[in-house]
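Report on the following structure.
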Amino acid sequence: MATNITCPDSWNDWRNWIVDPSGEFYYGWLQVMIFPILYNWVIIICRACFYAIEENFLAAWLTLDYISDLFYMADMAVRGRTGFLDQGILVHEVSRLKTHYVFSRSFLLDLVSVLPTDLLYLRLGVHTPLVRLNRLLRTRRLSEALDRMETRTAYPNTFRIAKLMLYIFVLIHWNACFYFALSHYVGFGSDRWVYPNISRPEFASMQRQYFHCFWFSAQIFTTVGDTPLPRREEEYLFMIADLLIAVLVFASIVGNVGNVITSLRSRDNVFFPNHELVKSYLGSRRISKDLRNRVNGWYQHLHINKKITRENEILQQLPDSLRTDIAVSVHLPTLSKVTIFQNCEKSLLEELVLKLTPQVYSPGEYVCKKGDVGHEMYIIREGKLAVVADDGVTQYAVLGESQFFGEISILNLKGNKSGNRRTANIRSIGHSDLFSLSKEDLTATLNEFPAAKRHLEEKGRQILTKMGMLDETAGDGSQEEPVESKVEQLEQNLDTLRTKLARLMMELESSVLKMETRVEQLELQTEGWGGIVAEGGEEVEEEDLGKELSPKLKIQEEQRQPLAPVPFHSLMPTQP
64 MATNITCPDS WNDWRNWIVD PSGEFYYGWL QVMIFPILYN WVIIICRACF
114 YAIEENFLAA WLTLDYISDL FYMADMAVRG RTGFLDQGIL VHEVSRLKTH
164 YVFSRSFLLD LVSVLPTDLL YLRLGVHTPL VRLNRLLRTR RLSEALDRME
214 TRTAYPNTFR IAKLMLYIFV LIHWNACFYF ALSHYVGFGS DRWVYPNISR
264 PEFASMQRQY FHCFWFSAQI FTTVGDTPLP RREEEYLFMI ADLLIAVLVF
314 ASIVGNVGNV ITSLRSRDNV FFPNHELVKS YLGSRRISKD LRNRVNGWYQ
364 HLHINKKITR ENEILQQLPD SLRTDIAVSV HLPTLSKVTI FQNCEKSLLE
414 ELVLKLTPQV YSPGEYVCKK GDVGHEMYII REGKLAVVAD DGVTQYAVLG
464 ESQFFGEISI LNLKGNKSGN RRTANIRSIG HSDLFSLSKE DLTATLNEFP
514 AAKRHLEEKG RQILTKMGML DETAGDGSQE EPVESKVEQL EQNLDTLRTK
564 LARLMMELES SVLKMETRVE QLELQTEGWG GIVAEGGEEV EEEDLGKELS
614 PKLKIQEEQR QPLAPVPFHS LMPTQP
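Just so we're aligned, residue 64 is where the sequence shown starts under my numbering, counting upward by one.
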């Protein structure tokens with residue numbers, strides 16, 4: 064598969080080899096292509112303008128030129144085998160991949176970028192590197208590589224600044240080359256604006272030529288320092304163009320840095336609650352200084368220790384499967400240490416981790432107090448909490464990592480004398496990180512896992528028994544359960560009666576139709592009778608026959624009468 068690309072071992076493997084555009088090989092290849100593309104962008108213009116650099120290192124430049132060309136051609140081979148999605152499925156057919164690449168716009172640019180324009184050396188001479196300007200058409204590949212790196216790096220804002228500085232360096236480099244070429248055209252040392260006369264030893268070296276021109280261009284673009292005033296029309300045009308570009312460069316720098324700062328603030332606002340809004344509110348309401356210090360200390364603890372309390376909002380845009388996997392990888396080690404969940408199914412843990420809400424408590428802050436209505440249970444992720452008396456000083460016990468509390472008030476245990484009230488005071492000793500699980504979420508989850516529900520309820524009863532707050536006589540709920548069962552039985556009986564009534568009505572309609580059909584057949588049979596011979600051979604008249612048959616027809620007519628409706632309430636069962 065493309066995501067696990069290995070080096071093909073045989074010719075058949077090479078023929079069927081494809082590249083997944085989202086795989087590691089493709090990402091690594093893009094990083095490799097950065098170097099030949101940047102090489103052409105930097106060196107071609109430098110060799111064309113700085114003649115000493117071109118002449119002194121010609122063999123090295125020609126070698127690097129043709130190495131970069133080999134990378135360009137290899138890149139075309141890779142792109143010809145790079146898969147694409149067709150209706151969401153990665154295409155693996157090599158013929159389709161090649162056809163897709165050949166008929167794309169990228170193929171035309173890639174083909175032009177590797178045309179053998181070096182053959183013009185035979186006519187123009189080997190010291191004309193501008194014939195290789197077509198190599199700059201591979202710039203889109205550089206942009207793709209940098210964009211991929213930005214999406215994968217762990218520091219995207221730093222990478223954006225570095226990418227901006229790279230673009231500015233290339234721009235200043237090109238401008239420095241143009242400045243040196245213009246100085247050569249006007250005449251070195253002809254005035255103060257151009258490059259000094261290279262016949263002077265201090266300005267003759269290649270390093271001095273390049274660094275002086277680069278420094279001069281950087282001064283223009285950054286508008287820092289005093290540059291000599293131009294003297295000629297060519298110099299004025301060059302300065303006007305540079306100043307216009309400098310405005311764009313300055314605006315680009317300010318805009319990109321502003322975007323980085325904005326993204327940092329937006330990230331903090333997503334990760335952490337907005338401290339500035341809360342401080343403004345506290346100041347407008349004249350909250351006491353002690354309470355304001357507590358709020359500020361809580362915020363400082365979140366930022367210093369990178370405590371994120373809005374995980375569900377951050378991961379909300381991800382699919383459910385990815386959110387579950389992330390939550391399991393982050394919270395499963397803590398959840399698996401909780402005693403009541405150690406022997407539970409993995410599906411139960413996956414359901415619970417999506418419903419856990421992180422909470423952070425400051426030193427001395429009460430998580431819950433005795434007598435409060437309980438709406439959630441808590442699992443300790445980090446820190447220590449004390450079970451204290453009503454005076455807030457006496458400690459009965461200390462709870463640590465992976466322990467839980469608050470489940471008694473949200474389990475609705477039968478016989479709990481405290482109802483859904485908290486049975487103890489829990490206070491944070493230091494900074495404590497907890498997970499809260501609401502009553503509704505816990506009930507909905509435990510209904511799907513009866514074994515875990517029974518285990519949790521049994522542990523709750525044991526705790527209540529030790530505290531003497533469990534009423535054994537009310538454990539079965541003998542007064543409530545019969546009423547519920549009666550209501551359910553009545554509903555079942557009502558459904559059964561409705562079904563029987565519908566069946567009886569259908570049978571009644573069917574019987575009436577059959578009776579009408581038989582009567583019509585008898586009428587048709589008796590219409591053609593003129594007389595009937597009696598048993599003694601005598602002819603019986605129609606009137607006598609009618610008199611003889613009339614009682615039978617009368618009985619049938621009575622049977623055809625519609626049935627009287629049966630009252631519905633008579634079908635209902637009597638009240639128990």
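Glycine included, each C-beta is placed from N, C-alpha and C at the ideal position.
Exposure of residue i, with buried meaning 16 or more beta-carbon neighbours within 10 Å
| i | result |
| --- | --- |
| G346 | exposed |
| T145 | buried |
| G469 | buried |
| H366 | exposed |
| N79 | exposed |
| R648 | The requested residue 648 is not part of the displayed model; the chain covers only 64 to 639. |
| G437 | buried |
| H155 | exposed |
| M578 | exposed |
| R168 | exposed |
| I442 | buried |
| G463 | exposed |
| D173 | buried |
| E298 | buried |
| W278 | exposed |
| N103 | buried |
| E439 | buried |
| G523 | buried |
| Y89 | buried |
8 Å contact criterion, which residue i and residue j should meet: CB distance rounded
| i | j | result |
| --- | --- | --- |
| N197 | L183 | Actually they do not touch by this definition, with Cβ atoms about 11 Å apart. |
| I473 | Y429 | I473 to Y429, Cβ: 18 Å. No contact. |
| G478 | L533 | 5 Å |
| K516 | L509 | 4 Å |
Residues that DSSP places opposite residue i in a beta bridge
| i | result |
| --- | --- |
| P33 | With the chain covering only 64 through 639, there is no way to say anything about residue 33. |
| N479 | L533 |
| Q458 | V451 |
| D149 | I152 |
| V436 | R484 |
| V82 | T145 |
| F467 | I442 |
Extent of the continuous alpha helix (DSSP H) run through residue i
| i | result |
| --- | --- |
| R485 | Neither: R485 is in no alpha helix (DSSP H) and is coded neither H nor E. |
| C109 | E87 to C112 |
| A244 | P219 to V249 |
| W256 | Taken as a continuous stretch (DSSP letters only), W256 belongs to no alpha helix (DSSP H), as it is neither H nor E. |
| I492 | Here I492 belongs to no alpha helix (DSSP H), and DSSP marks it neither H nor E. |
| I283 | M269 to T285 |
| E207 | T202 to R215 |
| D383 | D383 to S399 |
| D173 | R168 to S176 |
Whole-angstrom distance between residue j and residue i, CA atom to CA atom
| i | j | result |
| --- | --- | --- |
| E520 | N475 | 9 Å |
| S268 | I371 | 58 Å |
| V391 | I492 | 28 Å |
| F113 | T214 | 38 Å |
| R355 | A514 | 46 Å |
| A140 | T180 | 20 Å |
| E604 | L587 | Only weak support exists for where E604 lies, its pLDDT of 48 falling under 50; the value from the coordinates is given anyway. Going by the C-alpha atoms only, they are around 19 Å apart. |
| F313 | R223 | 16 Å |
| M302 | P293 | 8 Å |
| D83 | L193 | 36 Å |
| F512 | V416 | 15 Å |
| S384 | E413 | 10 Å |
| T397 | V423 | 16 Å |
| V401 | K529 | 21 Å |
| S85 | L93 | 11 Å |
| E583 | T559 | 37 Å |
| R263 | D132 | 39 Å |
| Y218 | G360 | 28 Å |
| G540 | L527 | A caution first: G540 carries a pLDDT of 45, below 50, which makes its placement in the model too unreliable to give a value. |
| H236 | L229 | 10 Å |
| K615 | L553 | Below a pLDDT of 50, predicted positions are generally treated as unreliable, and K615, at 49, falls in that range; the measurement from the model is reported next regardless. If I take the Cα positions, the gap works out to 46 Å. |
| L121 | G91 | 31 Å |
| Y135 | V189 | 21 Å |
| A304 | E207 | 29 Å |
| I100 | G250 | 33 Å |
| E551 | E570 | 29 Å |
| G252 | I107 | 26 Å |
First through last residue of the beta strand (DSSP E) which encompasses residue i
| i | result |
| --- | --- |
| Y441 | E439 to E445 |
| A189 | At residue 189 the sequence reads Val, which differs from the Ala that was named. That residue, V189, is in no beta strand (DSSP E); it is neither H nor E in DSSP. |
| V430 | Y429 to C431 |
8 Å Cβ cutoff, residue i in contact with chain C
| i | result |
| --- | --- |
| L187 | Absent from the structure: chain C. Only one protein chain is present. |
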